Amino acid sequence: MRIGVVTFPGSLDDRDAARAIRLAGGTAVPLWHGDRELHSVDAVVLPGGFAYGDYLRCGAIARFAPVMDEIIRLAGPPTAAAPGLPVLGICNGFQVLCESHLLPGALIRNDHRHFICRDQVLRVESTSTTWTSGYTAGDEIVIPLKNGEGGYVADTATLDQLEGEARVVVRYLGFNPNGSYRDIAGVSNASGSVVGLMPHPEHAVETGYGPESDSHGALSGGTDGLRFFTSALQGVLSA
Amino acid sequence: MGRVVIDVMPKPEILDPQGKAVVGALARLGFKEFAGARQGKRFELEVDGEVDAAVLERAAEAARTLLSNPVIEDVVAVRSAD
Numbered sequence: 002m003r004i005g006v007v008t009f010p011g012s013l014d015d016r017d018a019a020r021a022i023r024l025a026g027g028t029a030v031p032l033w034h035g036d037r038e039l040h041s042v043d044a045v046v047l048p049g050g051f052a053y054g055d056y057l058r059c060g061a062i063a064r065f066a067p068v069m070d071e072i073i074r075l076a077g078p079p080t081a082a083a084p085g086l087p088v089l090g091i092c093n094g095f096q097v098l099c100e101s102h103l104l105p106g107a108l109i110r111n112d113h114r115h116f117i118c119r120d121q122v123l124r125v126e127s128t129s130t131t132w133t134s135g136y137t138a139g140d141e142i143v144i145p146l147k148n149g150e151g152g153y154v155a156d157t158a159t160l161d162q163l164e165g166e167a168r169v170v171v172r173y174l175g176f177n178p179n180g181s182y183r184d185i186a187g188v189s190n191a192s193g194s195v196v197g198l199m200p201h202p203e204h205a206v207e208t209g210y211g212p213e214s215d216s217h218g219a220l221s222g223g224t225d226g227l228r229f230f231t232s233a234l235q236g237v238l239s240a
Numbered sequence: 063m064g065r066v067v068i069d070v071m072p073k074p075e076i077l078d079p080q081g082k083a084v085v086g087a088l089a090r091l092g093f094k095e096f097a098g099a100r101q102g103k104r105f106e107l108e109v110d111g112e113v114d115a116a117v118l119e120r121a122a123e124a125a126r127t128l129l130s131n132p133v134i135e136d137v138v139a140v141r142s143a144d
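In the order they appear, the protein sequences are chains R and Y. Sequential numbering from 2 applies to the first sequence in the working numbering. Sequential numbering from 63 applies to the second sequence in the working numbering.
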C-alpha cells in the first residue's frame, strides 16, 4: 500500500504526513512537485505548508505544478473503469484541492485576521469517505489546527448540496476558529475519495505527542488523527 | 511595449477581512466618512507588441484561469494600460 506525499516548494508538513502513513502501516512515497508521474502510488496526500509562498492565493500556483496534472486527471470524477485516486488534502493541501476544483468552495483569510494555532475539537460527520471510514459518525476528536487562511466559503447552493449529500466530513465543535461557513472543517468530493480539511490529523498519530482528548470517556493518548490514514489503508486493501 | 491591466475584486457576498481591517484603520485615523472598504488586486501583464483584441482576450483567459478564483473573486476589468 503506497501513499504518495507531495512536496511543493514551501511545503512544511510533508515529513509528518509521511510519518503518519508509516505509523498507520503504509509505505510513504515522496513525490516532487515537478514529477510528471505518480510512481504507482495507490493514494496521495497533499500536505500542509505554504506552497509557492502562498503567492497570488493559497494553493493557486501549486495547483498548476506538473505533479498536479496527473493527480487531477486520476482523482477526477470516478468512472466504473477508474475509481478516482484517493487524495487527502490537509490545510494547504485542502487549499490546493479547492483551487484544483477537485473540491468545491474556497479558503479565505480567517475572519478575525489572525493566524491561529490550537487543539481543535471536531465532530466526524461523514464516514463514507476513503479517509474517514474508520471513524464512527458523531465521533468527537481533537487534533491540531494552525492556519491563517482557513475560512471555508462557498455559495449557499453549494453548501446546501454538500450538506444534502453528506459531504461535510468534519465540523468544528464548540468554537469556530476561522469563520468557516456552517462550521465546516472539511469536505469531500461526491464519491468520498477526495477529502480536504484544515486541521492536521498527521500531527495526532502517536501516543503522547498529539493533543489529549477524553471524548470517549478515556484519554485517547493524542492519536485521534491516525484513523484518517488507517482508513485509507483498509479501504485500499479491501478494494 | 504594451501593458494589460487586470483588476480582480473579492465577490461582494464574500467576507473581505483585509477590507475590514483597512476601514477600521481609516476610522482610527479620522477618515470617518468611509463606511466600508474592499481590497482587490491589480495585475499588469507586459507584451512585446501592441495590445490588440487578441491580446486582451488572452489576458482575460489568463485572468479566469490563474489570476482569479471564480468562487471568491470577480475579474472586474481587463484593459490596455495605454
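For every residue, glycine included, the Cβ atom is placed at its ideal position computed from N, Cα and C. Predicted, not measured: the structure shown is a model, and the values here were computed from it.
Secondary structure at G90/R: strand, using DSSP grouped into helix, strand and coil. In the three-state DSSP reduction, G152/R falls in the strand class (E or B). Under the three-state reduction of DSSP output, L174/R falls in the coil class, being neither helix nor strand. Secondary structure in the region 8-89 of chain R: the alpha helix (DSSP H) runs of 4 residues or longer, each lying completely within the stretch, are 15-25, 67-76 in chain order. In this structure the region 132-145 of chain R does not touch the region 99-109 of chain R; the number of beta carbon pairs closer than 8 Å is below three.
DSSP places A116/Y in the uninterrupted alpha helix (DSSP H) bounded by 115-124.
Per the coordinates, the alpha-carbon of I185/R lies some 19 Å from the alpha-carbon of V88/R. Excluding five sequence positions before and after G193/R, the CB atoms of its chain that fall closer than 7 Å to its own CB belong to S129, T130, T131, given in chain order. Annotation: Cβ neighbours of R110/R in chain Y (cutoff 8 Å, chain order): P79, Q80.
Secondary structure remark: continuous beta strand (DSSP E) runs of at least 3 residues inside the region 156-205 of chain R, in chain order: 169-173, 185-189, 195-198. Interface residue (Cβ-Cβ distance to chain Y less than 8 Å): E164/R is not classified as such. DSSP places S232/R within a helical segment (H, G or I) once states are collapsed to three. Sorting D156/R, R74/R, R110/R, A44/R by C-alpha distance to the C-alpha of Q80/Y places R110/R at the top. In the DSSP assignment, A83/Y falls within the alpha helix (DSSP H) that extends over 79-90.
When Cβ-Cβ separations below 8 Å define contact, R168/R makes no contact with chain Y. Assignment of V133/Y by DSSP, reduced to helix, strand and coil, places it in the coil class.
Scanning M63/Y, P74/Y, R65/Y, K94/Y for the CA closest to the CA of V137/Y turns up P74/Y. Taking a 10 Å sphere around the C-beta of L91/Y, we find fewer than 16 other C-beta atoms and assign the residue as exposed.
As the crow flies, the alpha-carbon of R65/Y is around 5 Å from that of E108/Y.
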